[in-house]
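J.: This is the structure I want to talk about, given as C-alpha coordinates.
In this note's numbering, the protein residues as written are 709 to 790.
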(Lines of atoms letter the chains of each structure in order from A; the text may use other names.)
(Lines give C-alpha, C1' and ligand atoms only; values in the text may rest on other atoms or scores of the structure.)
Protein backbone atom coordinates (compact mmCIF):
# COMPACT_ATOMS: atom_id res chain seq x y z
CA UNK A 709 0.00 0.00 0.00
CA UNK A 710 1.38 3.42 -0.97
CA UNK A 711 1.18 6.50 1.19
CA UNK A 712 2.12 10.17 1.17
CA UNK A 713 5.90 10.56 1.32
CA UNK A 714 7.88 13.28 3.07
CA UNK A 715 9.75 15.54 0.68
CA UNK A 716 12.68 17.88 1.27
CA UNK A 717 11.68 21.14 -0.46
CA UNK A 718 15.29 21.54 -1.60
CA UNK A 719 14.72 18.50 -3.86
CA UNK A 720 12.17 20.53 -5.83
CA UNK A 721 13.37 22.52 -8.83
CA UNK A 722 14.08 26.17 -7.88
CA UNK A 723 11.48 27.55 -10.29
CA UNK A 724 8.82 25.15 -8.95
CA UNK A 725 9.71 26.14 -5.37
CA UNK A 726 9.20 29.81 -6.26
CA UNK A 727 5.84 29.02 -7.87
CA UNK A 728 4.81 26.91 -4.85
CA UNK A 729 5.78 29.75 -2.51
CA UNK A 730 3.55 32.18 -4.41
CA UNK A 731 0.68 29.67 -4.50
CA UNK A 732 0.95 29.12 -0.75
CA UNK A 733 0.93 32.86 -0.05
CA UNK A 734 -2.17 33.18 -2.24
CA UNK A 735 -3.74 30.18 -0.44
CA UNK A 736 -3.15 31.78 2.98
CA UNK A 737 -4.37 35.22 1.88
CA UNK A 738 -7.54 33.79 0.30
CA UNK A 739 -8.89 33.03 3.80
CA UNK A 740 -6.55 35.04 5.98
CA UNK A 741 -8.58 34.89 9.20
CA UNK A 742 -8.78 31.09 9.10
CA UNK A 743 -5.24 30.54 7.80
CA UNK A 744 -3.34 33.27 9.65
CA UNK A 745 -1.52 30.64 11.73
CA UNK A 746 0.03 29.11 8.61
CA UNK A 747 3.62 30.00 7.77
CA UNK A 748 5.29 29.44 4.40
CA UNK A 749 8.47 28.26 6.11
CA UNK A 750 7.04 26.05 8.88
CA UNK A 751 3.58 24.74 8.02
CA UNK A 752 2.92 21.27 6.61
CA UNK A 753 2.66 21.61 2.84
CA UNK A 754 1.02 19.02 0.56
CA UNK A 755 2.08 18.45 -3.06
CA UNK A 756 0.90 16.45 -6.06
CA UNK A 757 3.05 13.92 -7.93
CA UNK A 758 4.76 16.74 -9.87
CA UNK A 759 5.65 18.58 -6.63
CA UNK A 760 3.01 21.25 -7.20
CA UNK A 761 1.50 22.97 -4.14
CA UNK A 762 -1.98 21.73 -3.24
CA UNK A 763 -2.76 22.59 0.38
CA UNK A 764 -1.22 23.50 3.74
CA UNK A 765 -2.08 22.81 7.38
CA UNK A 766 -0.56 23.82 10.71
CA UNK A 767 0.21 20.26 11.90
CA UNK A 768 0.95 16.93 10.25
CA UNK A 769 -2.15 14.68 10.26
CA UNK A 770 -1.92 11.19 11.75
CA UNK A 771 -0.98 8.24 9.55
CA UNK A 772 -4.60 7.17 9.06
CA UNK A 773 -5.56 10.59 7.72
CA UNK A 774 -2.47 10.69 5.51
CA UNK A 775 -3.51 7.35 4.02
CA UNK A 776 -7.07 8.61 3.38
CA UNK A 777 -5.66 11.72 1.71
CA UNK A 778 -3.48 9.52 -0.49
CA UNK A 779 -6.41 7.28 -1.42
CA UNK A 780 -8.91 10.08 -2.11
CA UNK A 781 -6.91 13.06 -3.40
CA UNK A 782 -3.96 13.80 -5.67
CA UNK A 783 -1.69 14.50 -2.66
CA UNK A 784 1.51 12.43 -2.92
CA UNK A 785 4.10 14.37 -0.91
CA UNK A 786 4.35 16.59 2.16
CA UNK A 787 7.04 18.82 3.66
CA UNK A 788 7.62 21.31 6.46
CA UNK A 789 7.56 24.64 4.65
CA UNK A 790 7.85 25.14 0.93
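The beta carbon of each residue, even a glycine, is placed where N, CA and C say it ideally should be.
(1) Exposed or buried, which one is residue 728 when buried takes at least 16 other CB atoms within 10 Å?
(2) Rounded to whole angstroms, what's the CA-CA distance from residue 746 to residue 763? Just pull it up for me.
(3) Residue 722 lies in the beta strand (DSSP E); which residues open and close that run?
(4) With H, G and I counted as helix, E and B as strand and the rest as coil, what does DSSP make of residue 741?
(5) Tell me the rounded alpha-carbon separation between residue 736 and residue 760.
(6) Go ahead and label residue 723 buried or exposed: buried means 16 or more other beta carbons lie within 10 angstroms of its beta carbon, across all protein chains shown.
(7) Where does residue 753 land, buried or exposed, given buried means 16+ other C-beta within 10 angstroms?
(8) So what does DSSP say about residue 762, is it helix, strand or coil?
T.: Reading off the structure:
(1) buried
(2) 11 Å
(3) Run containing residue 722: none in the beta strand (DSSP E); it sits in the alpha helix (DSSP H), 722-738.
(4) In the three-state reduction of the DSSP assignment, residue 741 falls in the helix class.
(5) 16 Å
(6) Its Cβ having fewer than 16 others within 10 Å, residue 723 is exposed.
(7) So residue 753 counts as buried.
(8) strand
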